[in-house]
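**Q** Mapping of the sequence shown onto our numbering: residues 1303 to 1413, in sequence order. Mind looking over this structure? Questions follow.
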Amino acid sequence: MSNDKWKASQDLHDELKVLIGSHHPWLIDIADDIVVIFKEKCSRVGNKPVLGKTSKAPKILEVLGERAYAFVIELADDMFRLMSDDQKIALLDSLLCEIAAEEDETNGERK
């Protein structure tokens, strides 16, 4: 059985945090709660390739994973490998734009 999904390298997670600090400051409080994963093959919707997607992390990760995550950014490895560095940053930036951090009114924390 092959593993068609895996967690991205620490280098990519560090790059994501730099991008958050530079262009998405409202996400700084939850930067450690965002995990990037790769899937082996790009999926398609109609004729359009889906290079990546952002979703809320499923609660099952709290049970199975090493920690709780708030969001998952999933990238298509086969297409990501073909991108230039600028294209990779643009894709990550676009996917970060889909995350809405909400402020807890009782204590001011962002989730």
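Where is the CB? At the ideal position from N, CA and C, for every residue including glycine.
1. Where does the unbroken beta strand (DSSP E) through Ala-1378 begin, and where does it stop?
2. How many angstroms separate the CA atom of Leu-1314 from the CA atom of Asn-1409?
3. Does Met-1303 come out as helix, strand or coil in the three-state DSSP assignment?
4. At the level of alpha carbons, what is the spacing between Asp-1334 and Ser-1386?
5. So, under 8 Å CB-CB, Leu-1343 and Asp-1380 are touching, yes? Tell me the CB distance rounded to an integer number of Å.
**A** Taking the coordinates as given:
1. Its beta strand (DSSP E) spans residues 1373–1378.
2. 31 Å
3. Residue placement at Met-1303 cannot be trusted, given a pLDDT of 47 that sits under 50; the coordinates are not used to answer.
4. 25 Å
5. Leu is not the amino acid found at residue 1343; the sequence shown has Lys there. Right, their Cβ atoms sit about 5 Å apart.
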